[in-house]
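Be aware that the sequence shown starts at 1, since it is given in our numbering, and climbs by one per residue. Just below is one structure, and these are the notes that go with it.
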Amino acid sequence: MSVFSFLCQNLKGSFKRKIELLRTEEENFLRKNKMSPKSKKLFNIIMLGVAFMFMFTAFQTCGNVAQTVITNLNNTNFHGSGYTSMAIIYGVFSASNLISPSVVAVVGPQLSMFVSGLFYSIYIAVFIQPFTWSFYTASVFIGIAAAVLWTAQGNCLTINSDENTIGRNSGIFWALLQSSLFFGNLYIYFAWRGKTHISESDRRTVFIALTVLSLVGTFLFFLIRKPEESNTLEEEVSATDESIVDNSSVQSKATRAVDAFKNSIKLYFTKEILLLSVTTAYTGLELTFFSGVYGTCIGAVNRFGTEEKSLIGLSGIFIGIGEILGGGFFGLVNKDNRFGRNPVVMLGIVVHFVAFYLIFYNIPNDAPIASFEGTDNSAYMNPSKELAIFCSFLLGLGDSCFNTQLLSILGFLYSEDSAPAFAVFKFVQSICAAIAFFYSNYLLLQWQLLIMAVVGFFGTISFFTVEWEAAAFVARGSDYRSI
C-alpha cells in the first residue's frame, strides 16, 4: 500500500461519521418528498452552487480588497504584495492541475472539495494577523487546493447533468457562484464607506467574518449526493471503504489515479482543447483584471474623494450583478439551444470591448501601480464614479458569457470523463491569471487592456471553431474516449 493511498483512505474514514450526520436530514427530506432522479440532480447542482457561493463570498471579497488592505498595514515587518500572492496562487494552481484528476479519482469529488475548502479558509484567516511567511505559504497551499476543488466541481457538475441539462446547470451554478461577489462586497461597501484608511480593527472584523463564511460553505459539500444511477457504484465504493486494508482496492484506486493523469496529458494535445485553450487563456486574463486589478484601480483614484475605498466594494457588487444576471439568463436560454453557444460568446466579447474602451477613457493609466497615496492624474475625462461602476457591471456580464459557455461545451464534449477536461481548462486559465497578476505589478492600464483585447478576439474565433464542430465531435464518439 502506498503512503499516498494510505493517507487518502484514512482521511476518508476520519470524516465518515461527520458525513453521515450531515446527510441524515437530507436523506429524510428526499424520502419524504420522493424526489425523482432528475430532481435529485438539480438539488445537487443547487447545493454545489450554494456551497461555492459561501466559500467565494469569502475568497473573492478577500481577493478584491487584498492589495488595498496590504497597502494600509501598519506593520512595517510585513512586505507582502496582493498581486504577488495571486500570481503564486495561480502559478501553483496551474501546475497542480496536472495531478488534480488523479486526486479526485482516488478521493472522490465530495471529499476533494471539502478538504480544498479548508485550505481556502486558512488562506483567508491569514489576513486576521498577516505575516509575510504565512501569507506566501498559504498562497502555495491554496493554489494546490484550488486545482483539486475546480476539477472536482467540474466532475460533480457533469455527473449531475446530461446533454440537455448541461447548459441550464452551468448557468444555475454560475449564477449562484457569482452571487458571492454581491454579498461580500455589499458588506465592504457599508463597512468601509467614508474611510480613507483601513485600520487593524476594520481588517480583523472583515476577515474573521469571511473565514466563518468560508467554513460554512465547506461543510455544505457534505449535502451533495451521488445520482441514483450511481447507486451500484456507491455501494461498491462503500464496501471497499470498509476494508481499507484490501490490497486490490488500493491497486484499483492507484490505477484510476494513473489513468486520470495519462488522460489529462493526452487531452492537452487534442485539437478541440488546443483551440479552447485560447478562449480559456482570455478568461484567465480578464479574471485577474476584474477580480484584483480593477478594484485596486478604483481605490487608487483620489479624484473619487472619500468614497474611493468603499467604491471597491460597490464595484464588486456590480460585477456580481452582471455575473448573476448573465448566468441566470444564459442558463434559461440554454434550455433551447437551437442557436448554439456562439451568440452568447459574441455578446460577451462585444460587452468586454465596450468596457475596455470606457475604462481606458475614464481611469488614469498609472492607477494599477499607484503608491499608497493613490494617483491625482486623470485619463481623457474627469474620472466618473458612475461610469466606473457601470464598467464593473459590464465586466461581470461579459465574464459570465464566456465562462457559462465554456463549462457547457466542456461538459457536452467530455461527458463520459469530465475531470481531465476541467483540469486542462483550469490549468490554462490559472497559468494565464498568474502571468496577468505578475505583469499587473509593472504595466500601465492601457497595456493591460490592449493585451486582453487581442487575446479576447482570437479566443472568440477559437471558440466559434470548436462550437461549429461540436456536434460532429460527439457524434463520431470522440477520439478522446478511446484514449
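For each residue, glycine too, the CB sits at the ideal point set by N, CA and C.
- Taking 8 Å as the upper bound for CB-CB distance, G320 and L397 are not in contact here, some 11 Å apart.
- Y361 and N72 have their alpha carbons spaced roughly 28 Å apart.
- The residue from T280, G49, L347, C391 with its alpha-carbon nearest to that of N160 is G49.
- Residue nearest to V466 within the set P368, K271, A281 is K271 (criterion: CA-CA distance).
- Here E286 is buried, its C-beta having at least 16 other C-beta atoms within 10 Å.
- When L413, I128, S371, G154 are compared, the shortest CA-CA separation from G299 is found for S371.
- T158 sits buried, since 16 or more C-beta atoms from the chains shown fall within 10 Å of its C-beta.
- DSSP, reduced to helix, strand and coil, places T71 within a helical segment of the structure shown.
- Per DSSP, the beta bridge partners of V301 are T375.
- When the five nearest sequence neighbours on each side are left out, the beta carbons in the same chain lying within less than 6 Å of the beta carbon of F437 are those of Y83, M86, A87, T288, in order along the chain.
- Annotation for I89: S139, I142, G143 place their beta carbon closer than 6 Å to its own, counting only its chain and skipping 5 residues before and after.
- Listed in chain order, the non-local C-beta contacts of G284 below 6 Å within the same chain comprise Q429, C432, A433, local neighbours out to five positions each way being set aside.
- In the three-state scheme derived from DSSP, where H, G and I count as helix and E and B as strand, T84 is classed as helix.
- Distance from the CA atom of A146 to the CA atom of F393, rounded to whole angstroms, is 26 Å.
- In the structure shown, A370 falls within a coil segment according to DSSP collapsed to helix, strand and coil.
- Note on geometry: alpha-carbon atoms of G63 and L181 lie some 11 Å from one another.
- Put simply, the backbone Cα of V69 is about 7 Å away from that of R203.
- Inclusion of V148 and S121 in the CB contact set at 8 Å is not warranted, their separation being larger than that value.
- DSSP places Q405 in the uninterrupted alpha helix (DSSP H) bounded by 385-413.
- With a threshold of 16 other beta carbon atoms within 10 Å, Q129 falls short and is exposed.
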